[in-house]
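K.L.:
Position one of the sequence shown corresponds to residue 11 (this note's numbering), numbered consecutively onward.
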Amino acid sequence: MRKFIWKDTIKRNIFVLRFAGLWPEGVEGYKLNYYTIYSILVNLFMNGNNVFQTAYICFIYTDLQALTAIFFVLVTDWLATIKIICYINNIRILQHLILDLERTEFQPRNDCQLHLVLPTLKTWKIVYEAFVAVTVTAMLLFCLIPLVDGAFKEFRLPFWAWYPYETKISPNYELTYIYQVVSTAMLAATNLNMDTLMAALMMYVAIQCDFLSDNVKHVKNNEDSQFVNEFEYHVKHHQMILRFACNTNKFFNGIVLGQFFTSAAALALAMFQLTLVVPMSSEFISLLFCQFDDSTNFFVLLVWQRSRNEGKFCCY
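In structure tokens, the structure reads:
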């Protein structure tokens, strides 16, 4: 049957990560070439705003409400930056994982197995679209707050930050506003696609478990030589699944650990911030969306998918 291209499922993730400078060609990681230079420049642009926001703490350290508001944003943004660093550090593992998906053993062997995988892929795509919708909504709410409540008349930026120039004059204000929106949107998009890519890798493990189970169920006890060859093939497939799952864990274990603690801190800060803002205001609604995005991102994409895989390993 026709070869199934697993990368087609994550082609949007690959496109966004390549645009963010996080998807070099080949399996050898970053080399001294134009793409590496592009990656450095893009990530400096994308993550530079974190430094300016952190510097602003020096001017508001006596204001608890302001500190809480900026810490909520900083925790989320610095988590994304740390995840990018971990991602770059493990890029070779990821590229070899994507290459392993093209192996013959990981291909569906018949139309029945192909139909077996389609519902899982469809569910993942629905989850991806849902997270895109939530992330875009939260980003729009945060970035449009100064325009909605009229704070732009006082030259207020979407995110508190210190810059080595005057931001309350034109066109410095407009250019800084655009920089904050674009850099934060790029960071959010990169973070979203890294998380959904990790979920996709776990989904691939679950699918391979389904393939292996279906193959074993249909092993025919015919001639001894044919049975032995078939059994050896399935043993090899099982070993490859275990190796793929092990490398997947190596790729994102550190990322998940960091996200667990920072997500808990971000949720706690957001809950406190909700008690300080006007109920049902634009800032209140944006905080709610951010809370929903952070909590669902961790518990649905990572905890639920990982427990699902563990359940399959226990069964098979």
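Note that CB positions come from ideal geometry on N, CA and C, so glycine has one too.
(1) In the segment 141 to 226, which residue ranges form an unbroken beta strand (DSSP E) of at least 3 residues, counting only runs that do not cross its ends?
(2) What do you get for Tyr138, buried or exposed, if any count of 16 or more other CB atoms within 10 angstroms of its CB means buried?
(3) What would DSSP say about Ala268, mapped onto helix, strand or coil?
(4) From Asp328 to Ala255, what does the alpha carbon distance come to, in whole angstroms?
(5) Residues in the same chain with beta-carbon distance under 7 angstroms from Cys324, minus the five sequence neighbours each way, listed in chain order, please.
(6) Can you confirm whether the segment 58 to 65 touches the segment 151 to 165 when touching is taken to mean that 3 or more C-beta pairs between the two stretches lie within less than 8 angstroms?
(7) Taking Ile70 as the reference, give the member of Glu176, Leu277 and Trp170 with the closest Cα.
(8) Measuring only the C-alpha atoms, how far is Met212 from Tyr44?
(9) Using beta-carbon positions only, say whether Gly264 and Leu89 come within less than 9 angstroms of one another.
(10) Would you call the segment 185 to 201 and the segment 87 to 101 touching, i.e. three or more CB-CB distances under 8 angstroms?
(11) Given this structure, state the Cα-to-Cα distance separating Trp172 from Asn259, to the nearest angstrom.
(12) Suppose the cutoff is 7 angstroms on Cβ atoms and the five residues either side in sequence are ignored; what does the same chain contact list for Arg28 look like?
(13) If contacts are defined as beta-carbon pairs under 8 angstroms, then Tyr66 and Ile80 qualify, I think. What distance do you get, rounded to the angstrom?
(14) If we require 4 or more residues per run, which alpha helix (DSSP H) segments fall completely within the segment 68 to 108?
(15) Return the Cβ separation of Val127 and Ile217 in integer angstroms, given the expectation that the two are a contact with Cβ distance under 8 angstroms.
(16) Do Phe221 and Arg119 have their beta-carbon atoms positioned less than 9 angstroms apart in this structure?
(17) Going by Cα to Cα distance, which pick from Gln283, Thr64, Asn257 and Ala209 is closest to Phe141?
(18) Sorted by chain position, which residues of the same chain lie with C-beta nearer than 6 angstroms to Met250's C-beta, five sequence neighbours on each side aside?
(19) For Asp18 and Ile108, what's the separation of their Cα atoms in angstroms?
(20) Rank Ala30, Gly39, Phe152 and Asn182 by C-alpha distance to the C-alpha of Ile50 and give the top, closest one.
(21) Spatial neighbours of Phe82 within its chain, please: C-beta separation below 7 angstroms, excluding the five flanking residues on both sides.
(22) Have a look at Met204, Thr86, Leu151 and Asp73 and flag the residue whose alpha-carbon is nearest the alpha-carbon of Arg402.
(23) Could you check if Val229 is buried or exposed, using at least 16 other CB atoms within 10 Å of its CB as the buried criterion?
P.N.:
With the given structure in hand:
(1) none
(2) buried
(3) Residue identity differs from the one stated: residue 268 is Gly in this sequence, not Ala. Correct three-state label for Gly268: helix.
(4) This structure cannot speak to residue 328, because the chain is shown only from 11 to 326.
(5) Its pLDDT being 47, under 50, Cys324 is placed unreliably by the model, and nothing is read from it.
(6) no
(7) Trp170
(8) 32 angstroms
(9) no
(10) yes
(11) 38 angstroms
(12) none
(13) 7 angstroms
(14) 74 to 99
(15) 5 angstroms
(16) yes
(17) Ala209
(18) Glu115
(19) 11 angstroms
(20) Ala30
(21) Ala276, Leu279, Ala280 and Gln283
(22) Residue 402 lies beyond the residue range present for the chain, which begins at 11 and ends at 326; the question has no answer from this structure.
(23) exposed
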